[in-house]
């Protein structure tokens, strides 16, 4: 007697949703988890406040190291944005308004369409953010807009809009001395990598424009050094090595060739001329073998 495997509908196969998606986590639990992680990060950044002297000392070291290594000047990027006030305002708006909404939209889409990739991306982002928070506390860093040696303009304060208080030391909403690593760039890079990994469209590589534009903005607005983006990329690389990557979504399978048609069964049967003749007793003669009784 054939036995039916429970949960497979009698076919013995894994249901497509559980096999391809890996199961969708409970929504309420995920909302609480992501909100809790965000609050831990925000309050953790505030713990790094009060280290202005170390932050400016580290900023001098980073700036001098970049010049010694012949990094391209951040000022050259800022000059490109300062060609027009609408352009620099657009860059400030991108810095202020795109960072969190883009990441939330990315996670929401993955949760709904690619649950396995959602869990993977959430774990990578949590690991990246935790490592960044530790670095923010251990290595406070003043951004280039605060360092007189850079000669850069604080574009957000001059042209707006700005997400930071005018006096960094009294800014209770954010830690302005946590420039390294740049989570603006790290999160944007993960959004691009996550969407490239979770989709099959040949246009998916265009998502790399998001971290590229983010890099242009964070440097041009003098909120980060090149080194801040490099540090974020390195931390993200370690996080991607630690968290196992889910399987890529499979491409649609091509239909197999239909079986041979059975409309003409006679075509596959041997013809009358080639049908095997019944065995007939034969006798050996000088001319060869001949059937018994045949006329010679």
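In the numbering used here, the protein residues as written are 1343 to 1638.
Even glycine gets a Cβ: it sits at the ideal position worked out from N, Cα and C.
Within its own chain, the residues whose Cβ lies closer than 8 Å to the Cβ of residue 1502, once the five positions on either side in sequence are excluded, are 1431 and 1434, listed in chain order. Between the stretch 1546-1556 and the stretch 1462-1477, the count of C-beta pairs closer than 8 Å stays below three; the two stretches do not touch. Within the same chain, and ignoring the five residues on either side of residue 1524 in sequence, the residues whose Cβ sits closer than 7 Å to its Cβ are 1560, 1566, 1570, 1571 and 1574. In this chain, residue 1413 is not harboured by any alpha helix (DSSP H), its DSSP state being neither H nor E. Excluding residues up to 5 positions away in sequence, 1468 and 1471 lie with their Cβ nearer than 8 Å to the Cβ of residue 1379 in the same chain. In the three-state scheme derived from DSSP, where H, G and I count as helix and E and B as strand, residue 1483 is classed as strand.
In this structure, residue 1581 and residue 1500 do not form a Cβ contact; the two beta carbons are roughly 36 Å apart against a cut-off of 8 Å.
Selection 1487, 1543 and 1448 evaluated against residue 1532 yields 1448 as nearest (Cα-Cα).
The continuous stretches of alpha helix (DSSP H) do not include residue 1496, and DSSP gives it neither H nor E. Taking the CA atoms as reference points, residue 1474 sits about 16 Å from residue 1376.
DSSP, read as helix, strand or coil, puts residue 1520 in strand. For residue 1435, the secondary structure class from DSSP, reduced to helix, strand or coil, is helix.
A Cβ-Cβ contact shorter than 8 Å links residue 1483 with residue 1521.
Per DSSP, the unbroken alpha helix (DSSP H) holding residue 1532 starts and ends at 1525-1540. Around the beta carbon of residue 1463, a 10 Å sphere encloses 16 or more other beta carbons of the protein chains shown; the residue is thus reported as buried.
Annotation for residue 1584: 1469 place their beta carbon closer than 7 Å to its own, counting only its chain and skipping 5 residues before and after. Comparing C-alpha distances from residue 1528 to each of 1557, 1537 and 1543 shows the shortest one belongs to 1557.
If you draw a straight line from the Cα of residue 1518 to the Cα of residue 1425, it is about 26 Å long. Our two residues, residue 1579 and residue 1479, have alpha carbons roughly 21 Å apart in a direct line. The three-state reading of DSSP puts residue 1463 in helix, counting H, G and I together. Between residue 1372 and residue 1453 a beta carbon distance of about 7 Å is seen, short of the 8 Å cut, so the two are scored as contacting. By the 16-neighbour rule on beta-carbons within 10 angstroms, residue 1487 is buried. Per DSSP, reduced to three states, the secondary structure at residue 1586 is coil, with no helix or strand assignment.
Judged by DSSP secondary structure, residue 1561 falls within the alpha helix (DSSP H) whose first and last residues are 1551-1562. Only buried fits residue 1420, as 16 or more other CB atoms lie within 10 angstroms of its CB. Membership of residue 1443 in the alpha helix (DSSP H) is indicated by the continuous run 1441-1455.
Cβ contact annotation for residue 1496 (same chain, cutoff 7 Å, sequence separation greater than five): 1487 and 1564, in chain order. For the pair residue 1416 and residue 1494, the CB atoms are nearer than the 8 Å cut-off.
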